[in-house]
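Residue numbers (the working numbering): 322 to 407.
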């Protein structure tokens with residue numbers, strides 16, 4: 322297995338970590354599933370055109386902003402997990 326490093330907005334990373342923890346799945350598993358879906362064309366965007374990707378990215382950012390507004394718990398996933406362990 323190969324290791325890789327990606328860069329993502331801190332807010333997105335916090336949300337991914339929290340959802341992964343709640344769903345009981347690792348970020349590595351999520352990432353692998355997303356890449357597998359992308360390779361089999363089972364994703365919502367088509368990378369063959371820049372416009373499709375930019376549209377998907379814009380909608381994704383809008384959704385992230387909407388989720389952030391609805392979220393009542395602004396703690397980091399680490400804080401949520403640590404509280405649950407006490």
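The beta-carbon is built from N, C-alpha and C at its ideal position, and this holds for glycine as well.
Nothing here was measured: the structure is a model prediction, and the numbers come from that model.
C-beta contact flag for residue i and residue j at 8 Å
i: residue 333; j: residue 385; result: yes
i: residue 335; j: residue 398; result: yes
i: residue 342; j: residue 351; result: no
i: residue 327; j: residue 337; result: no
First through last residue of the alpha helix (DSSP H) which encompasses residue i
i: residue 332; result: 331-344
i: residue 352; result: 348-360
i: residue 399; result: 398-406
Residue burial classification, residue i (beta-carbon count within 10 angstroms, cutoff 16)
i: residue 358; result: exposed
i: residue 339; result: buried
Own chain, CB closer than 6 Å to residue i, minus 5 neighbours either side, in chain order
i: residue 330; result: none
Any non-hydrogen atom of the ligand NAD within 7 Å of residue i CB
i: residue 402; result: You won't find the ligand NAD in this model; it holds no ligand whatsoever.
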